[in-house]
Amino acid sequence: MQTEIAKNSVVTLKYTVTDPDGAMIDDGQHPLVYLHGGYDGIFPMLEEALHGKKLGETFQIKLQPEDAFGDYDEELVLVEDAKLFPENIEVGMSFERVSEDGEEEIIYRVTDIAEGKVVVDGNHPLAGVALIFDVTVAEVRAATAEEISHGHVHGAGGHHH
Numbered sequence: 001m002q003t004e005i006a007k008n009s010v011v012t013l014k015y016t017v018t019d020p021d022g023a024m025i026d027d028g029q030h031p032l033v034y035l036h037g038g039y040d041g042i043f044p045m046l047e048e049a050l051h052g053k054k055l056g057e058t059f060q061i062k063l064q065p066e067d068a069f070g071d072y073d074e075e076l077v078l079v080e081d082a083k084l085f086p087e088n089i090e091v092g093m094s095f096e097r098v099s100e101d102g103e104e105e106i107i108y109r110v111t112d113i114a115e116g117k118v119v120v121d122g123n124h125p126l127a128g129v130a131l132i133f134d135v136t137v138a139e140v141r142a143a144t145a146e147e148i149s150h151g152h153v154h155g156a157g158g159h160h161h
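Residues in the sequence shown are numbered consecutively from 1, following full-length UniProt numbering.
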């Protein structure tokens, strides 16, 4: 039985995430299950800290914004004419928009509506926030050949694409 996290391990983590002031960001009600070894399942800095940890091990790591959801980018905050949006627009709604260079889709959240204008923000809600993870390694197992070739964990009964 595998008990140490290594490349191509399927890892289950119990965790909580707080901000530097101690405010709860994620209470970890649902364990995080990911394929270890550079498959982009979790933040690279967190994955690096987990490498070599053993079943049952507990630790804390603080990720700076650039290692989590990035720094807050003022250029992703736009003020648009309300006529460009549906009549039932509300704060909290999200819209996808292709970036200026056409390379990526950015999700914009409506943050304010006033005087015929709508303010949308393309930053992740946690951009600019340091994240503190309290983590326990709950399970470690060897990944199946199929999981490795697909680059992600398959649940009980396999995975259907």
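Virtual Cβ for every residue (Gly too), placed ideally from N, Cα, C. These numbers come from a predicted model, not from an experiment.
- C-alpha gap between H160 and A142, whole angstroms: Numbered from 1 along the sequence shown, position 160 holds the residue referred to as residue 160. Numbered from 1 along the sequence shown, position 142 holds the residue referred to as residue 142. Bear in mind that a pLDDT of 49 at H160, under 50, signals an unreliable position, so the number given afterwards is only what the model happens to contain. Spanning the two alpha carbons is a distance of roughly 20 Å.
- Task: With DSSP as the reference, label I148 as helix, strand or coil.
- Result: Counting from 1 along the sequence shown, the entry for residue 148 is found at position 148. Helix at I148.
- Item | Bridge-paired residues (DSSP) for E105 | Along the sequence shown, read from residue 1 onward, the residue named residue 105 stands at position 105. E105 pairs with V98.
- Message: Check whether the region 17-37 and the region 93-110 touch, using three or more Cβ-Cβ pairs below 8 Å as the test.
- Response: In this structure the region 17-37 does not lie against the region 93-110, because fewer than three pairs of beta carbons, one per stretch, are closer than 8 Å.
- Query: Which class does K83 belong to by DSSP, given the choice of helix, strand or coil?
  - Reply: Taking the sequence shown and counting its residues from 1, one reaches residue 83 at position 83. Of the three classes helix, strand and coil, the one that applies to K83 here is helix, per DSSP.
- What first and last residue would you give for the beta strand (DSSP E) that runs through E115? Working through the sequence shown from its first residue, we reach residue 115 at position 115. Note, E115: premise wrong, no beta strand (DSSP E); not H, not E.
- Extent of the continuous alpha helix (DSSP H) to which M45 belongs: Translated into positions along the sequence shown, residue 45 becomes position 45. Note, M45: alpha helix (DSSP H), P44 to L50.
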